[in-house]
Structure formats: C-alpha cells, structure tokens
Amino acid sequence: MTLRLRALLGDHPGTLALKDGSLRSDLIAFDFAEYSPVNKGFKPMVREQAFDVSEMAIVTWLMAKSFGKPMVLLPHVVVARFQYAHAVYRAGLGNLKPRDLEGRRVGIRSFTTTTGAWLRGILANEYGVNLDAINWVTFEGAHVAEYVDTTERAPAGKQIIQMLLDGELDAVLGEKVDGPGLKPLFPDVAAEEKSWFAKYGVLPINHMVVVSQDLVDHHPDVVREVFRLLRESAARAPAASVPRFSDDEMRRSLEMIIRYAAQQRLIPRAFAVDELFDDLTRTLRAMG
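Take any residue in the sequence shown, count from 1 to its spot, add 489: that is its number in our numbering.
Below, the structure written as structure tokens:
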C-alpha cells in the first residue's frame, strides 16, 4: 500500500521531478500543499505540525528545536546562496559602510529570517557592527510562537521597500532589489562572495527539509524513501541549479549559522552539528 504524505516543498529546480510527478515511488506519494512564497507554510508546520515532510528555513528549525518541536532534520539542502546582495539602503544617505547602520532604522521582514540571521552575523563578525545599536523594524513575527520579539513592529499595511523609499527606514536586510533611490550596502557583491568563500569555504544554507517526529518513530523506511527521492530529484536537475553539499561542506555551513543564531540570541546555546540529527538521519547523512 502506498502511504500518502502531506508535503510542503517550494518550486525549485531540485524539487521539480517530485512536484511534476515524473519521479514516483511505490512506497509513498506526496500531497503537496501550495504556499506562495513557500515560507508562509513554515508557521503551520512549526506550530501545528501541518505536514509530514516540509521544506524549512534552517534558523526557524534551530529555534523550533530549542523549544522541543516534534520535527527531525534531514541532511538535504534545498536552498543555499550567498547573502550579500540582500542588503540595501537609501541613496540619499550618501555612501554608507556597514558600521554606519548603528543608530539607524533598519527594516527586515522578520527578525528571525534565515537571510537576516546570516547578514547580521556577517555584519557583526566581519565588520564589527554592534547589532544592539541598530533600531530594528519588523513586519512579521517569528514562525516559532514561543520566541519573544522585542523589535519595533511597522504599522499595519506598510510595505518594507516603500518605507525605505519614503525615508521611514534607512536600510533594509533580506530584500534583493535595485532601482532609483536605492544603493547596495555591499557595492561589489561578486567580490564579497568570492572573498567570503575563499576565507571560510562556506555556502550559506537557507532551507533544508524536515519530517515529523511521528514519521521517524513509526515509519523509518518511509523517511529513508523520502530522503532517497529528494536526492534523486536534485540529481535530475542541472548541476548549476541546485545546491550540492558534501558532509563536510554542510557541517561548516551549519556550524556557522548555529554560531550566528546563538550570538543573536535566537537560540539559547550553540548546538553541535551532530545534535541536529537523530540516529536515523545521521545514517542518511553518512550516505550523502
């Protein structure tokens, strides 16, 4: 009998074969929920365990783990990217450097977004920015209900880029946008990315995949099949279009985002990478 799984996966090159039905399994079938953008489905997964299999922002998952949410991480990366292009400011402010953000109003969709956590970590650790000296303005709460958000909330109905253009914000993190009146915080993004990778050998992970604790406890064979299908779907995509991580590359990226999340008090302590996986998913990691 085929087991049907409630699933949330975005439309990515590496998930296409699963979502269009060209890759099938005798053991399982997916009933895909459609959220656009896919991150809108992370809250129901964290708060209600709405899916058996779900794409998940890594910082959201780290926070969920710290509160004991019944989800298990699979060693499979769906989205990874350099983050430098996702920081802009008002051109009227002149030529801002990262340290110039101190004392200014900086907008971000939610303080707990993974892109935001990566960028704040870069600002603090690479440029010496005092993150506590920035006035953070957010537009959404955290996916994890237990997290206490102390940032200023933008007025209802306000749009982040329009507030920037109107002078109500000085800069924005987490949005990749250009146009009149805007400047990138990092003028030569390509050079920054090259320098970062040369220094750390890290491609920042944004989204991985989680499964429900119930699925792990009662259907470990299904979890293995989910992992196999995710890998096969990614393998069918053009090589340049999907993130491909060795175990060591994944470890380095996870270690860094864990450290950043702990520094920013998004999680109470820095987990060891091995803590992120259980006995079953550690064996899958070894297969990677």
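The beta carbon of each residue, even a glycine, is placed where N, CA and C say it ideally should be. From a predicted model like this one, the values you see are computed outputs, not experimental measurements.
1. Give me the DSSP bridge partner(s) of GLU641.
2. When the Cα atoms are used, what is the spatial distance from ARG758 to LEU674?
3. Starting from ASN695, trace the beta strand (DSSP E) both ways and give me its first and last residue.
4. Give me the Cα-Cα distance between PHE716 and GLY663, rounded to the nearest whole angstrom.
5. For the stretch 757-774 against the stretch 548-568, are there 3 or more C-beta pairs whose distance is under 8 Å?
6. Please list the terminal residues of the continuous alpha helix (DSSP H) segment that includes ILE650.
7. Output yes or no for whether 8 Å exceeds the beta carbon distance between MET545 and VAL712.
8. If MET652 sits next to ALA643, beta carbons under 8 Å apart, how far is it from one beta carbon to the other, in whole angstroms?
9. So the alpha helix (DSSP H) MET560 belongs to, where does it begin and stop?
10. For ASN528, is the classification buried or exposed, using 16 other Cβ atoms within 10 angstroms of its Cβ as the cut-off for buried?
11. By the DSSP assignment, the beta strand (DSSP E) with VAL577 in it spans what residues?
12. Below 8 Å, can you find three or more Cβ-Cβ pairs linking the stretch 513-528 to the stretch 674-688?
13. Measuring CA to CA, which of ALA518, GLY596 and ALA506 is closest to MET490?
Reading from the atomic positions:
1. VAL626
2. Roughly 30 Å between the two C-alpha positions.
3. 694-701
4. 29 Å
5. yes
6. 649-654
7. 8 Å or more divides the Cβ of MET545 from the Cβ of VAL712.
8. 7 Å
9. Premise fails: MET560 lies in the beta strand (DSSP E), 560-569, not in any alpha helix (DSSP H).
10. buried
11. Residues 576-579.
12. no
13. ALA518
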